[in-house]
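Residue numbers (numbering that gives the first Met the number 0), protein chains in the order written: chain B, 0 to 249; chain D, 0 to 249; chain F, 0 to 249; chain R, 0 to 249.
To keep things clear, I will list the structure first and then write my remarks on it.
4 protein chains.
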Amino acid sequence: MTTRVAVLGAQGRMGSTSVTALEAAEGLEVVAQVDVGDPIERVTEQEADVALVFTTPDVALEQVLWCVEQGVHVVVGTSGFDGDRLRAVREAVEQRTDVSVLVVPNFSIGAVLLMRFAATAAPFFESVEIIEMHHPAKVDAPSGTAVRTAELVAAARAEAGSDPVPDATTTDPEGARGAKVDGITVHAVRSRGFVASQEVLLGGEGEILSLRHDSSTRESFMPGVVTAVRHVADRPGVTVGLDAVLGLDA
Amino acid sequence: MTTRVAVLGAQGRMGSTSVTALEAAEGLEVVAQVDVGDPIERVTEQEADVALVFTTPDVALEQVLWCVEQGVHVVVGTSGFDGDRLRAVREAVEQRTDVSVLVVPNFSIGAVLLMRFAATAAPFFESVEIIEMHHPAKVDAPSGTAVRTAELVAAARAEAGSDPVPDATTTDPEGARGAKVDGITVHAVRSRGFVASQEVLLGGEGEILSLRHDSSTRESFMPGVVTAVRHVADRPGVTVGLDAVLGLDA
Amino acid sequence: MTTRVAVLGAQGRMGSTSVTALEAAEGLEVVAQVDVGDPIERVTEQEADVALVFTTPDVALEQVLWCVEQGVHVVVGTSGFDGDRLRAVREAVEQRTDVSVLVVPNFSIGAVLLMRFAATAAPFFESVEIIEMHHPAKVDAPSGTAVRTAELVAAARAEAGSDPVPDATTTDPEGARGAKVDGITVHAVRSRGFVASQEVLLGGEGEILSLRHDSSTRESFMPGVVTAVRHVADRPGVTVGLDAVLGLDA
Amino acid sequence: MTTRVAVLGAQGRMGSTSVTALEAAEGLEVVAQVDVGDPIERVTEQEADVALVFTTPDVALEQVLWCVEQGVHVVVGTSGFDGDRLRAVREAVEQRTDVSVLVVPNFSIGAVLLMRFAATAAPFFESVEIIEMHHPAKVDAPSGTAVRTAELVAAARAEAGSDPVPDATTTDPEGARGAKVDGITVHAVRSRGFVASQEVLLGGEGEILSLRHDSSTRESFMPGVVTAVRHVADRPGVTVGLDAVLGLDA
């Protein structure tokens, strides 16, 4: 059985790379490409099973709600799709319990695994610090992924009753790019030559465990996109995060 | 409640470091230290709950069997405690179902986590290679931990139906230190300055996930020793591997 | 004063990327682009000061000799331009002492610096090993750059009277991808996600110095191309290697 | 010819490790060990050629001046030996032009090479950032070595006329441990498991050159101590820094 996929925002950078990846994936077929000015009805005309949405947040909300109403499963790749938008989708899905919506803040399987591993390992080590490295055109520091990782690490330590990370620093008059997030120090490197990298350092007496992910091209998101589209229908209701479809919670 | 611990091989390097660590750990008390020439009866005279064994393989087997017979739980830290020795212990424990034996080939929690993470991540990446780095006095290559990691990675990929790791190499006339284990290439670095390090590189299109553990002192094994002693009694029968007592299989 | 540049092999990958980079560089102007089927006379008609050659080895030799005869300086970026070809150019330049030819086996300034630093540091450390990491479509192992680095390291140690690198390995039945080059072990990693990376590990008692270069795009060669074109005229005769024009030998 | 060495502060950590290392080194002999309460005259009674000083700054100054007056060459390993102390020694040496004094702020050859390499490479890359990693008991951030490295990098870039390091950050409300030193961002990691590590990241379009030094034991300083003692007599007058005796300025 082939899964029929519609891509919304098909001419954007993530959309067009996804079209190529989905067409190359076994068992998937791109039956509709919708971009600005195209009628969304193509999705149903072409009998798509799943809509993959990469449009801007406001357009995306409308499109997701329309797809849900039509009984089409949705993978949302639009950034910043949270808060009110997420609530609106949850309400809509309560009316259509046969429809699944998967909201994916980060399609990088490597980055998602790194976060999980960091949280799992965190209670076993005295110290944890995070270094994220991005291109120098990035305007915000630290990165959203690093903040999320720090939050997960801090939550895992809190649950395990870990002590605070030790730090005897008394003289640090200036500070550098980064932040302390829930007690976890995050360093933000900005340098030409990086696209998006993150390293979590976990330290104990006489040992360091370091978990690092380096991403250099948009192609690195494609296994995540394909996995999301393949498995969105398996999870009824609204799900947030790629983890849910990686089969890690056996 | 305090757990009373006897250390067998208490004057060896791991034994003596463990005595210090156990005495510093909350809820544990070292009540007997046994070394060459000392009567093993000290274990029961001092009413030890758990015996921690670091003696040589042949002595160790006798000691473990004696402890089991006496109803004392055992953590086995002796290297190379497998095959016939393990079978003999399993038989003995069948007669004493109230006793737990935990055999620990590697007390480094960091190394154990690294192996688990590598196996979990392996099916999500096209390529996996392992680099292990040890001091130049090591006589065998690759290291036992690296071989074990490669086996776990290969097994995880086989179960997931992963393709073989891609490799177009046609000219490689000489070869370097290391091996190909179940299809996974393991590189063995020998350099002054390393004690025991291992890095697993997982590569996909446009991304690398690297998991690395560096161990520089015997103290890095102590959290594993303490955890094993604390939790040995929770698992009836004979268990192999620290994983079982890390609480990772919720 | 603007330097007028002709690019030969202008439609190839390195050629076309170089045209873009040279046009963006201050003081340089691309006045001629020559590719298959185009007359080489464009170089002199457009009064080029420097010809940058990226054509195939056989075509390249003819073109370089013609440029030398015409009094045009040449930067040779064609791979494998050595042996007989280099000798032929040296002879030609003996007749035209006003012309400079710079043959560049590697335009990456980072890679060239890494090799120099490795050779400088090598005599100060007991151990040196090299890890090179490339994409899995590469057919030869180890990489030419790694072999060259190992040779430079070995030569520096020989000159300094260093002892052989210590290695107690007695059991290494299989071997992995790589080679031992002049006594220096080179490990060759092949994994999706790498383009061209190299790490030199220098180890002493209680310390590791690691020098690593990661290259992910052809753009990383452009500073080397621009520097070569800018400075080729400064060095009369035939010169091999980018080092010569980096101003490092004050 | 054997060089006769007196160690002042012989029972301190650096002093005692140095005594062992000097006795193992070819051509060197420890003829006097002086510590608190011992008469400094042992240095001359035992006809030492070189005094190696690891005492506290105030004691050290007196001892160095006494040695200079007696015609004994001095290697100063005492931390913080600069400013007025250095001036006093320079004045004393002007009266005894046959005596050499070598003040060594950092005996790690690896760390000294890293600083040199970073300064050499810095003008060839758009971006430079530094990450230093130390144990969590360190009270100051960033480390002195990292600050010195940043200063050398900044000076090399200024001399070469490099542009400022690019950085588009507009949102970085909190900051992390570290500092911006002469325009170079230094990140300070504090984690159990590190002793003293430093990494310099140099980034250009599509490439990263990373230079890293990890030091885990005091033994890593011994090659620097031995080299300083061996070569102090070669450089008349007062010299600061190990570089001068590494033979790098051919």
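Ideal Cβ placement from N, Cα and C applies to all residues, glycine included.
{"Asked": "Chain-ordered neighbours of B:Ser250 on chain F, where CB pairs are closer than 8 Å", "Found": "Examination of residue 250 of chain B is not possible in this model, given that chain B is present from 0 through 249 alone."}
{"Asked": "Spatially closest choice to B:Phe123 from R:Cys66, R:Arg191 and R:Val138, by CA coordinates", "Found": "R:Arg191"}
{"Asked": "Chain-ordered neighbours of D:Asp26 on chain B, where CB pairs are closer than 8 Å", "Found": "Residue 26 of chain D is actually Gly in this sequence, not Asp. Here the premise fails: no neighbours, minimum Cβ distance about 14 Å."}
{"Asked": "Check whether R:Val185 and R:Gly174 have beta carbons under 8 Å apart", "Found": "no"}
{"Asked": "Inside the stretch 18-103 of chain D only - alpha helix (DSSP H) runs reaching at least 4 residues", "Found": "41-44, 56-69 and 82-94"}
{"Asked": "Rounded distance between the beta-carbons of R:Val199 and R:Ile129, thought under 8 Å", "Found": "5 Å"}
{"Asked": "Integer Cβ distance of B:Val75 from B:Val63, believed to fall under 8 Å", "Found": "6 Å"}
{"Asked": "Bridge partners - D:Thr184, DSSP secondary structure assignment", "Found": "D:Glu128 and D:Lys179"}
{"Asked": "Beta carbon proximity, D:Ser215 to chain R, threshold 8 Å", "Found": "yes"}
{"Asked": "Buried versus exposed call for F:Gly82 [16 or more other C-beta atoms within 10 Å across all chains shown]", "Found": "exposed"}
{"Asked": "Closest by C-alpha distance to R:Arg41, when choosing among R:Gly8, R:Pro222, R:His212 and R:Pro56", "Found": "R:Gly8"}
{"Asked": "Interface positions of the stretch 111-144 of chain B facing chain R (Cβ-Cβ less than 7 Å), listed along the chain", "Found": "Glu125, Ser126, Glu128, Ile130, Pro135, Ala136, Lys137, Val138, Asp139 and Ala140"}
{"Asked": "C-alpha distance - F:Gln10 paired with F:Asp37, whole-angstrom precision", "Found": "11 Å"}
{"Asked": "Beta carbon proximity, R:Gly109 to chain F, threshold 8 Å", "Found": "yes"}
{"Asked": "Exposure of R:Gln94, with buried meaning 16 or more beta-carbon neighbours within 10 Å", "Found": "exposed"}
{"Asked": "Closest by C-alpha distance to B:Pro165, when choosing among R:Gly160, R:Ser161, R:Arg147 and R:Val188", "Found": "R:Val188"}
{"Asked": "Alpha-carbon spacing of D:Pro141 relative to B:Ala153, whole angstroms", "Found": "36 Å"}
{"Asked": "Contact with chain D by B:Ser151, beta-carbon distance below 8 Å", "Found": "The amino acid occupying residue 151 of chain B in the given sequence is Leu; Ser does not appear at that position. By this cut-off, B:Leu151 is not an interface position."}
{"Asked": "Pairwise C-alpha distance: F:Leu51 and F:Thr170", "Found": "51 Å"}
{"Asked": "Between the CA atoms of R:Gly202 and R:Pro56 - distance to the nearest angstrom", "Found": "40 Å"}
{"Asked": "Chain-ordered residues of the stretch 189-210 of chain R with a beta carbon less than 7 Å from chain E", "Found": "Protein chains B, D, F and R are contained in the structure displayed, whereas chain E is not."}
{"Asked": "Amino acids of chain R, ordered along the chain, whose beta-carbon sits closer than 8 Å to that of B:Ala252", "Found": "Summary: the structure shown does not reach residue 252 of chain B, with chain B confined to residues 0 through 249, and so no result is reported for it."}
{"Asked": "Chain-ordered neighbours of F:Arg176 on chain D, where CB pairs are closer than 9 Å", "Found": "Glu128, Asp166, Thr168, Asp171, Gly174, Ala175, Gly177, Lys179, Thr184 and His186"}
{"Asked": "Cβ-Cβ distance between R:Arg234 and R:Ser99 below 8 Å", "Found": "yes"}
{"Asked": "Run of the beta strand (DSSP E) containing R:His134, from where it starts to where it stops", "Found": "That residue, R:His134, is in no beta strand (DSSP E); it is neither H nor E in DSSP."}
{"Asked": "Residue nearest to D:Leu241 in terms of C-alpha spacing, selected from D:Ser161, D:Leu101 and D:Ala145", "Found": "D:Leu101"}
{"Asked": "When R:Asp181, R:Ser15 and R:Glu22 are compared against R:Arg3, the one with the closest alpha-carbon", "Found": "R:Glu22"}
{"Asked": "Contact check, R:Leu112 vs F:Leu208, beta carbons under 8 Å", "Found": "yes"}
{"Asked": "Reference D:Gly205; option with closest CA among B:Glu125, B:Pro172, B:Ala110 and B:Pro104", "Found": "B:Ala110"}
{"Asked": "Interface residues of chain R facing F:Leu247 [CB-CB closer than 9 Å]", "Found": "Thr119"}
{"Asked": "Test item: CB-CB of B:Ala89 and B:Val237 under 8 Å", "Found": "According to the sequence as given, residue 89 of chain B is Arg; it is not Ala. Yes, the pair counts as a contact, with Cβ atoms nearer than the cut-off."}
{"Asked": "Beta-carbon proximity list for F:Ala5, same chain, < 6 Å, skipping 5 on both sides", "Found": "Ala31, Val42, Ala47 and Ala50"}
{"Asked": "Pairwise C-alpha distance: B:Gln197 and D:His133", "Found": "26 Å"}
{"Asked": "Best match in R:Pro135, R:Phe193, R:Thr148 and R:Ala121 for proximity to R:Gly160 [C-alpha to C-alpha]", "Found": "R:Ala121"}
{"Asked": "Chain-ordered neighbours of B:Ser219 on chain D, where CB pairs are closer than 7 Å", "Found": "Gly203, Glu204, Gly205 and Glu206"}
{"Asked": "Chain-ordered neighbours of R:Pro163 on chain F, where CB pairs are closer than 9 Å", "Found": "Within 9 Å Cβ-Cβ: nothing; R:Pro163 doesn't reach chain F, min ~17 Å."}
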